[in-house]
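Chains as they are written, first to last, in this note's numbering: chain A, 1 to 116; chain B, 1001 to 1106.
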């Protein structure tokens, strides 16, 4: 009963490549998020979206962009991949309001990206 | 600015011993706080929410506004509790601490 699906578990890309990380949720959630997870740094918010075609910058948006053309899909784009973007990328979704407070975020299983 | 601080990156206890994972937050309003857990090779999942005042898998967490803390506690740790634990603050979006890796030794 996977609810948040990230298209790739592992990716290896070359420096300078344009990289697309895809995330799909089937819970009709309004909110979607992209984090990167690094040892000793925890989860850092890259971008988030509260609605279709909406996007907001998180704490570390530099070098990234996002796209949300449909409610269920939130894509993270690395315009020109660099080695310091090697990381685990986590997508999450949540409902709004009281439902969110009851259930928090639902996370995908992550995409481990290596940029060489 | 660091909104959520987990001062211990690593914590190791023996099975049956009490365990406390520390979390301090910085927020001027009424915080919504959560604990998430990630077991080996599993996705990150919600453990408990301060709003519910519940006990999950024997864990509890009490919000102390005076000390701005939300420490996670369990009186008797089990080996299956070994995991990465993240404290999180909701303020329009969720901000996570750096995490504490708990190891429960047999």
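The beta carbon of each residue, even a glycine, is placed where N, CA and C say it ideally should be.
Identity of the residue in B:1060, B:1007, B:1065, B:1073 nearest residue 1028 of chain B by Cα: B:1065
Where residue 109 of chain A meets chain B, residues with beta-carbon distance less than 7 Å: 1043
Residue 1032 of chain B (DSSP reduced to helix, strand or coil): strand
DSSP three-state assignment for residue 1026 of chain B, whether helix, strand or coil: coil
Segment limits, beta strand (DSSP E) that includes residue 1013 of chain B: 1010-1014
Rounded Cβ spacing between residue 104 of chain A and residue 94 of chain A (contact assumed at less than 8 Å): 7 Å
Residue 1098 of chain B at chain A interface by Cβ criterion, 8 Å: yes
Whole-number beta carbon distance between residue 1101 of chain B and residue 1009 of chain B, since they are thought to touch under 8 Å: 7 Å
Positions along the region 1006-1022 of chain B whose CB lies within less than 9 Å of some CB in chain A: 1006, 1009
According to DSSP, residues forming a beta bridge with residue 84 of chain A: In DSSP, residue 84 of chain A forms no bridge with anything.
Residue-chain proximity (residue 1053 of chain B, chain A), Cβ-Cβ < 8 Å: no
Contact set for residue 1046 of chain B: own chain, Cβ-Cβ below 7 Å, skip 5 residues either direction: 1034, 1036
Alpha-carbon spacing of residue 85 of chain A relative to residue 1095 of chain B, whole angstroms: 20 Å
Among A:42, A:19, A:13, A:27, nearest to residue 59 of chain A - alpha-carbon criterion: A:42
Residue 1078 of chain B versus residue 64 of chain A: straight-line alpha-carbon distance, rounded: 40 Å
Inter-stretch contact at 8 Å, needing at least 3 Cβ pairs: the region 16-34 of chain A / the region 1070-1085 of chain B: no
Nearest-angstrom Cα separation, counted from residue 36 of chain A out to residue 1021 of chain B: 22 Å
Enclosing beta strand (DSSP E) for residue 38 of chain A [first to last residue]: 31-38
Min CB distance residue 41 of chain A to chain B below 8 Å: yes
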